[in-house]
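Peer 1: Here's a structure for you.
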Amino acid sequence: MKIISPCRVHMGLIDMNGSVGRIDGGIGATLDYPNCEIVGKESNEIEIEFSSSISNKTAEEDLKALYNRMYTSANNILNKIGQTGISLKLKEVIPAHTGLGSGTQVSLSTGKLTSSIYGYNLDAYSIAQLTGRGGTSGIGVSGFEYGGFIVDGGHTFGRNAEKIDYKPSSASKNVKTAPLLFRHNFDWDVVLTIPKIPVEEQVADKKEVDIFKKFCPVPEIDVNRFCRLVLMKMMPAIIENNMKSFGECINEIQGLGFKGAEVQLQKSTLKNLLIHLQNISYSGLSSFGPTIYSLGDKKEIIEYSNEFFDREGLEGDIIISKGNNTGYKLI
Numbered sequence: 001m002k003i004i005s006p007c008r009v010h011m012g013l014i015d016m017n018g019s020v021g022r023i024d025g026g027i028g029a030t031l032d033y034p035n036c037e038i039v040g041k042e043s044n045e046i047e048i049e050f051s052s053s054i055s056n057k058t059a060e061e062d063l064k065a066l067y068n069r070m071y072t073s074a075n076n077i078l079n080k081i082g083q084t085g086i087s088l089k090l091k092e093v094i095p096a097h098t099g100l101g102s103g104t105q106v107s108l109s110t111g112k113l114t115s116s117i118y119g120y121n122l123d124a125y126s127i128a129q130l131t132g133r134g135g136t137s138g139i140g141v142s143g144f145e146y147g148g149f150i151v152d153g154g155h156t157f158g159r160n161a162e163k164i165d166y167k168p169s170s171a172s173k174n175v176k177t178a179p180l181l182f183r184h185n186f187d188w189d190v191v192l193t194i195p196k197i198p199v200e201e202q203v204a205d206k207k208e209v210d211i212f213k214k215f216c217p218v219p220e221i222d223v224n225r226f227c228r229l230v231l232m233k234m235m236p237a238i239i240e241n242n243m244k245s246f247g248e249c250i251n252e253i254q255g256l257g258f259k260g261a262e263v264q265l266q267k268s269t270l271k272n273l274l275i276h277l278q279n280i281s282y283s284g285l286s287s288f289g290p291t292i293y294s295l296g297d298k299k300e301i302i303e304y305s306n307e308f309f310d311r312e313g314l315e316g317d318i319i320i321s322k323g324n325n326t327g328y329k330l331i
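In terms of UniProt numbering, the sequence shown is residues 1 to 331.
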């Protein structure tokens, strides 16, 4: 049996203020490529291997992290369903540390494939609970299950609530996945510009936790504007297939609330790339980056991204992708 799951662009956390008794909330969209692909079969023990294409181009510490993530997810699911083993081979993987949701998709894909091979139909939300995903944003989990453009409702906040402080998903344990508020097909092509960033400049783990502590709560005025844009402009625009209206929101929210903090924390080169791409397209930073997603004239976006890479001496990938409206696929 084989599973293929989409990547996602995370467009922003809606409310990192919390004064109404709720935080997080997210907007994002799932894309067909890059994706996660795993093949599996029954076994008496947990066996995990990687395709040569992954082994040859992935750093050893990242391979170790992938192995541990897959092993933990498989083990948790096996314990839940009363089985002892599974044989899994990771054939394709979403690049790690790029803001495209690699960790969530590997964990959920491993869990879904493991349970399905033994005839159990666990949904993404159950698997997320068992594998420790979706503690802050629900975009990756709902995107895995359904695909499309998604708005999630975050978590209760305060004393005796789901969350008592501001934390990223990696540090938010035993928190239920945020409820799905809105889902609609996302039918536009997207260009992903992914500059290669040194490990020491990537935002993850303790760095991410420290950033949440430093920048939260965000000003209520930013949250109010963000919410208005989502409810009264982005959601109607996606229903009406109005890229211009949707894209204007993407450009504006790069300076609002927690998304504004994510953008300002980037090195000047990446910020300049985003600003210049916004001159010819609708562009935003996915999660903590470094991936920039762009809507507009694909040829022009690709030409400009290549010119910028050459001018700044950068390496990276430029990928044309499209909306995924199905979520995972089991074959």
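Glycine included, every Cβ here is placed at the ideal spot set by N, Cα and C.
Is it buried or exposed, residue 118, if we count other Cβ atoms within 10 angstroms and call 16 or more buried?
Peer 2: Along the sequence shown, one-based indexing puts residue 118 at 118. By the neighbour-count rule (16 or more Cβ atoms within 10 Å), residue 118 is not buried but exposed.
Peer 1: Helix or strand or just coil, what does DSSP make of residue 133?
Peer 2: Looking up residue 133 in the sequence shown gives position 133. Residue 133: coil per DSSP, three-state reduction.
Peer 1: Which class does residue 110 belong to by DSSP, given the choice of helix, strand or coil?
Peer 2: Indexing the sequence shown from 1 puts residue 110 at position 110. Residue 110 carries a helical assignment under DSSP once its states are collapsed to helix, strand and coil.
Peer 1: Say whether the region 72-89 touches the region 129-148, bearing in mind that this needs 3 or more beta-carbon pairs closer than 8 Å, one atom from each stretch.
Peer 2: yes
Peer 1: Between 241, 239, 311, which lies nearest to residue 195 when the distance is taken from Cα to Cα?
Peer 2: Taking the first residue of the sequence shown as 1, we reach residue 195 at position 195. Checking every option, the nearest Cα to that of residue 195 belongs to 311.
Peer 1: Just confirm the distance between the C-beta atoms of residue 274 and residue 188, as a whole number of angstroms; I'd bet it's less than 8 Å.
Peer 2: Against the sequence shown, residue 274 aligns to sequence position 274. Against the sequence shown, residue 188 aligns to sequence position 188. The pair is not a contact, with the Cβ atoms about 19 Å apart (cut-off 8 Å).
Peer 1: When you compare each of 96, 23, 246 to residue 54 by their alpha carbons, which one comes out closest?
Peer 2: Reading the sequence shown from its first residue, position 54 is the one you call residue 54. Nearest of 96, 23, 246 to residue 54, Cα basis: 96.
Peer 1: List the endpoints of the continuous beta strand (DSSP E) containing residue 321.
Peer 2: For the purposes of this step, residue 321 is taken as residue 321 along the sequence shown, with counting starting at 1. 316-322 is the extent of the beta strand (DSSP E) around residue 321.
Peer 1: State yes or no: is the beta carbon of residue 321 nearer than 7 Å to at least one beta carbon in chain C?
Peer 2: The chain inventory of the structure shown lacks chain C, comprising one protein chain alone.
Peer 1: Which residues share a DSSP beta bridge with residue 50?
Peer 2: If you number the sequence shown from 1, residue 50 lands on position 50. According to DSSP, residue 50 bridges with 90.
Peer 1: Take residue 143 as the anchor and find which of 307, 159, 319, 4 has the nearest alpha-carbon.
Peer 2: Position 143 of the sequence shown, counted from the first residue, corresponds to residue 143. The option with the nearest alpha carbon to residue 143 is 4.
Peer 1: What residues match up with residue 23 in a beta bridge as DSSP calls it?
Peer 2: For the purposes of this step, residue 23 is taken as residue 23 along the sequence shown, with counting starting at 1. Its beta-bridge partners are 155.
Peer 1: Here's a check: name, in chain order, each residue in its chain whose Cβ is nearer than 6 Å to the Cβ of residue 167, leaving out the five neighbours to either side.
Peer 2: Looking up residue 167 in the sequence shown gives position 167. For residue 167, where only same-chain residues beyond five positions count, the Cβ hits under 6 Å are 212.
Peer 1: For the alpha helix (DSSP H) that residue 276 lies in, which residues bound it at each end?
Peer 2: Within the sequence shown, numbered from 1, the residue matching residue 276 stands at position 276. Counting along the chain, the alpha helix (DSSP H) containing residue 276 begins and ends at 268-278.
Peer 1: Tell me, please, whether the region 212-222 touches the region 10-28 by the rule of three or more beta-carbon pairs shorter than 8 Å.
Peer 2: yes
Peer 1: By DSSP, does residue 181 sit in helix, in strand, or in coil?
Peer 2: Position 181 of the sequence shown, counted from the first residue, corresponds to residue 181. In this structure, residue 181 counts as strand in the three-state DSSP scheme.
Peer 1: Hey, residue 234 and residue 27 are a contact pair by Cβ (cut 8 Å); roughly how many whole angstroms apart?
Peer 2: As a first step, residue 234 is located in the sequence shown; it is residue number 234 there, counting from the start. As a first step, residue 27 is located in the sequence shown; it is residue number 27 there, counting from the start. Rounded, the Cβ-Cβ distance is 7 Å, consistent with contact.
Peer 1: Do you know offhand how far residue 32's Cα is from residue 321's?
Peer 2: By 1-based counting over the sequence shown, the position of residue 32 is 32. By 1-based counting over the sequence shown, the position of residue 321 is 321. So the two alpha carbons sit approximately 6 Å from each other.
Peer 1: If you draw a straight line from the C-alpha of residue 229 to the C-alpha of residue 245, how long is it?
Peer 2: To locate residue 229, count along the sequence shown from 1; it is residue 229. To locate residue 245, count along the sequence shown from 1; it is residue 245. Looking at the two C-alpha atoms, the distance is approximately 10 Å.
Peer 1: Tell me the rounded alpha-carbon separation between residue 155 and residue 171.
Peer 2: Within the sequence shown, the letter at position 155 stands for residue 155. Within the sequence shown, the letter at position 171 stands for residue 171. C-alpha separation (whole angstroms): 14 Å.
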